[in-house]
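Below is one structure, written out as structure tokens; comments come after it.
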Amino acid sequence: MPAQEPWTIQRVLDWTRGYLERKGDEHPRLSTEWIISYVTGLSRVEIYTNFDRPLTPDELTRMHAAIERRASGEPLQYVTGEMAFRHIVLTCEPGVLIPRPETEVLVDCALEALDARGEEAGPAQALEIGCGTGCISLSLASERPGTHVVATDVSPTAVALCKRNRDALGLEDAVEVVECDLAEGVEAPEGGFDLLVSNPPYIPTEVLAREVPPEVVDFEPHLALDGGADGLDVFRRILAVVPGLLAPGGTMCVELYEGSLDQASDLVAEAGGWQPARIVEDLTHRPRILVAAREA
Ligand code: GLN
Numbered sequence: 001m002p003a004q005e006p007w008t009i010q011r012v013l014d015w016t017r018g019y020l021e022r023k024g025d026e027h028p029r030l031s032t033e034w035i036i037s038y039v040t041g042l043s044r045v046e047i048y049t050n051f052d053r054p055l056t057p058d059e060l061t062r063m064h065a066a067i068e069r070r071a072s073g074e075p076l077q078y079v080t081g082e083m084a085f086r087h088i089v090l091t092c093e094p095g096v097l098i099p100r101p102e103t104e105v106l107v108d109c110a111l112e113a114l115d116a117r118g119e120e121a122g123p124a125q126a127l128e129i130g131c132g133t134g135c136i137s138l139s140l141a142s143e144r145p146g147t148h149v150v151a152t153d154v155s156p157t158a159v160a161l162c163k164r165n166r167d168a169l170g171l172e173d174a175v176e177v178v179e180c181d182l183a184e185g186v187e188a189p190e191g192g193f194d195l196l197v198s199n200p201p202y203i204p205t206e207v208l209a210r211e212v213p214p215e216v217v218d219f220e221p222h223l224a225l226d227g228g229a230d231g232l233d234v235f236r237r238i239l240a241v242v243p244g245l246l247a248p249g250g251t252m253c254v255e256l257y258e259g260s261l262d263q264a265s266d267l268v269a270e271a272g273g274w275q276p277a278r279i280v281e282d283l284t285h286r287p288r289i290l291v292a293a294r295e296a
């Protein structure tokens, strides 16, 4: 690298894109734009209207660190520490699962269940098991003001991050974050929760070992991914505790592995006390979400 030429946005863009491409990044231009945007504070459009702006020495140092992390395969959301999810932006950190587009669909299902209660039913009470960044609970609370959510996670890292995300969005009064296994120690409100929502770990162990890309397996917490032999270990445990928490007629929405949905609906039918489960597809048309209501 000739040192005399200034590192302008354009030069950094060109160099980084080529470097990340050589390192095997599948979307080198996109990664580069995200990183420059994170380091300089410019929007991705502003990058293209500020081509001649030189980076400051501090920006160059941070750029270098971010490029190396990305080049080693670390997900962009961890490198830049940020992720847009539906209408909110969340801080992301290693140790906590990065929100996925399919979970935006899970939120749609949960909102539909809340809306179906009708306005006369008053503010809804929701429970989320395994909140991670808080993407689900914080979306519910921000998109349906008045909703009260209890969000749990067994990981202290996730609980701390979820609280920070909540506070940054000013949702302290709407979302209570609890560190516990599933819903241990959580007291249901009078009459029970109206909604139970969860994106539990659900990738079958073998699939996680053989099919999931290194960008996920090497960097994201297995605690949030590994669903045991058939992917349904945590779902079975959830199914066992929900009846004690959910109101009659209340709804459960759970994101699951595409190959597990039929088996999961069978488990719900066998458990008894549920109306027939519905399976909802994700944006790639794979079965992804199980929606079931308690008998009234
Ligand atoms: N949807 C995630 C993935 O494909 C899995 C999330 C989970 O196990 N809850 O990586």
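One point on numbering: in this note's numbering, the residue at position 202 of the sequence shown is 202, and numbering is uninterrupted.
No residue lacks a Cβ here, since even glycine has one placed at the ideal position from N, Cα and C.
Pairing Leu90 with Cys253 gives a Cβ-Cβ distance that is not under 9 Å.
Taking the Cβ of Val197 as the reference point, every heavy atom of ligand 1 lies at 8 Å or farther away.
DSSP places His64 in the uninterrupted alpha helix (DSSP H) bounded by 57-71. Summarising the contact set, residues whose Cβ lies nearer than 7 Å to any heavy atom of ligand 1 are, in chain order, Leu97, Arg100, Glu102, Asn199, Pro200, Pro201, Tyr202, Ile203, Val212, Val216, Ala224, Leu225, Gly227, Glu255. Contact check for Ala110 against Val197 passes: the beta carbons are separated by less than 9 Å. Taking one beta carbon from each stretch, the stretch 267-281 and the stretch 84-100 have fewer than 3 pairs nearer than 8 Å; the two do not touch. With respect to the 9 Å criterion, Ala183 and Leu245 are classified as neighbours on the basis of their beta carbons. Taken in chain order, the complete alpha helix (DSSP H) segments of 4 residues or longer contained in the stretch 72-141 are 76-80, 101-116. The beta-bridge partner set that DSSP reports for Glu255 consists of Ile289.
The beta carbons of Gly146 and Pro123 sit closer together than 9 Å. For Phe193, the pairing in a beta bridge is given by DSSP as Leu246. Residue pairing by DSSP puts Val280 in a beta bridge opposite Ile289. Restricted to the stretch 209-234, not a single beta strand (DSSP E) segment is unbroken, complete and at least 3 residues in length. Under the Cβ criterion (8 Å, minimum of three pairs), the stretch 23-35 counts as touching the stretch 56-74. Distance from Val149 to Ala116 at the Cβ level is roughly 17 Å; contact not present, criterion being Cβ atoms closer than 8 Å. The C-beta separation of Val175 from Arg164 comes to about 12 Å, leaving the pair out of contact by the 8 Å criterion.
DSSP places Ala168 in the helix class (H, G or I) of the three-state scheme.
The Cβ neighbour count for Arg288, taken over all protein chains shown within 10 Å, is at least 16; the residue is labelled buried. Bridge pairing for Val150: Leu127, Glu176 [DSSP].
At the C-beta level, Leu97 and Pro213 stay beyond 9 Å of one another. In the same chain as Leu76, and ignoring 5 residues on each side of it, the C-beta atoms closer than 7 Å to its own belong to Ser31, Trp34, Arg70, in chain order.
The beta carbon of Ser260 sits closer than 6 Å to the beta carbons of Gly231, Leu232 from its chain, once the five residues preceding and following it are set aside; these are given in chain order. For Ser31, the enclosing alpha helix (DSSP H) begins and ends at 28-40. Within the model, the alpha-carbon separation for Ile129 versus Ile67 is close to 35 Å.
Pro6 is positioned such that its CB atom lies no closer than 9 Å to that of Thr16. Under the three-state reduction of DSSP output, Pro156 falls in the helix class.
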